[in-house]
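Going by our numbering, the letters in the sequence shown line up with residues -3 to 230, in that order. Here is the structure we will look at, set down as structure tokens.
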Amino acid sequence: MLEVKGLAVSYGGIKAVKGIDLEVRRGELVTLIGANGAGKTTTLKALAGLIRPAAGRIYYNGAEITARPAFELVRRGLALVPEGRGVFGRLTVEENLLMGAYSRGADAEIAADLDRIYAVLPRLAERRRQRAGTLSGGEQQMLAIGRALMSRPRLLLLDEPSMGLAPLMVQKIFETIRAVAREGVTLLLVEQNAKLALETCDRGYVLESGAVAAADTAANLLANSDVKRAYLGE
Ligand SMILES: Nc1ncnc2c1ncn2[C@@H]1O[C@H](COP(=O)(O)OP(=O)(O)OP(=O)(O)O)[C@@H](O)[C@H]1O
Ligand SMILES: [Mg+2]
-3 MLEVKGLAVS YGGIKAVKGI DLEVRRGELV TLIGANGAGK TTTLKALAGL
47 IRPAAGRIYY NGAEITARPA FELVRRGLAL VPEGRGVFGR LTVEENLLMG
97 AYSRGADAEI AADLDRIYAV LPRLAERRRQ RAGTLSGGEQ QMLAIGRALM
147 SRPRLLLLDE PSMGLAPLMV QKIFETIRAV AREGVTLLLV EQNAKLALET
197 CDRGYVLESG AVAAADTAAN LLANSDVKRA YLGE
């Protein structure tokens, strides 16, 4: 579904991503883990069309999408839930969800999509008339995921959805991620919480200083002594 070859991204003179290869098959849950500054967000932004790669090629469903703009990729089913959520605090939960459908224009199916998202994320249904700014951090993260689902993604890129959340809410977010996957959405998940991410996903990539240091099944990475020491605190 997604194939990345030699992706490189620079900010001025800083090489943030240095030629990485990566792939995600349809229906897979794949995680990208790594320390602060490893290039995880930069990679997702390049895949989502938000920054232009310095080198490399990106293929989505067999077609090259390198440097295609984000709005076009969203229409083609590739969406990003960005780091830090970015919900509209003064709008209600439901208004935020409707913002996620903007790329589709007038559409009679939008109401049905809202119902589907409320079924997957029941906490949002209870709070549909509440202003997003008054939601808890975890609820705002659920809203950001729900808003991305309104574009009917086939491939969803998630950037640190559990960041800054209390342990119980982290569990809830991972439950949400599994529920989204069960809906048939393919997922590429960036996480600092490497243990939970590897326990949830099928495969993983370890990014170190902008390069892929390891790529394997999640089970093998969980058992890998270097990964254990560096990322699992074992
Ligand atoms: N807009 C920018 N301008 C200059 N340098 C940047 C910019 N964004 C990121 N960088 C640099 O690129 C490198 C990779 O950053 P990135 O945000 O991709 O890391 P990350 O793996 O997502 O880290 P974190 O876990 O802290 O979110 C870092 O060294 C960072 O300082
Ligand atoms: Mg980041």
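Positions of the beta carbon are idealized from the N, C-alpha and C atoms, including for glycine. Just so you know, these numbers come straight off a predicted model, no measurement behind them.
query, result
"State yes or no: is the C-beta of residue 216 nearer than 7 angstroms to some heavy atom of ligand 1?", "no"
"For the alpha helix (DSSP H) containing residue 116, list its first residue and its last residue.", "106 to 116"
"If you measure between the beta carbons of residue 75 and residue 152, is that distance less than 8 angstroms?", "yes"
"Return yes when at least one heavy atom of ligand 2 lies under 7 angstroms from the C-beta of residue 37, else no.", "yes"
"Pick out whichever of 62, 114, 56 and 26 has its Cα sitting closest to the Cα of residue 5.", "62"
"Nearest to residue 227 by alpha carbon, out of 214, 207, 191 and 212?", "191"
"For residue 161, name the three-state secondary structure that DSSP assigns.", "coil"
"Specify, as a first and last residue, the run of the alpha helix (DSSP H) that residue 222 falls within.", "221 to 227"
"Can you find a heavy atom of ligand 1 that lies under 7 angstroms from the Cβ of residue 15?", "no"
"State buried or exposed for residue 59, treating a residue as buried only when at least 16 other CB atoms are found within 10 Å of its CB.", "exposed"
"Between residue 129 and residue 51, how many whole angstroms is the CB-CB distance? I'm expecting something under 8 angstroms.", "Wrong, their Cβ atoms sit about 40 angstroms apart, outside the cutoff."
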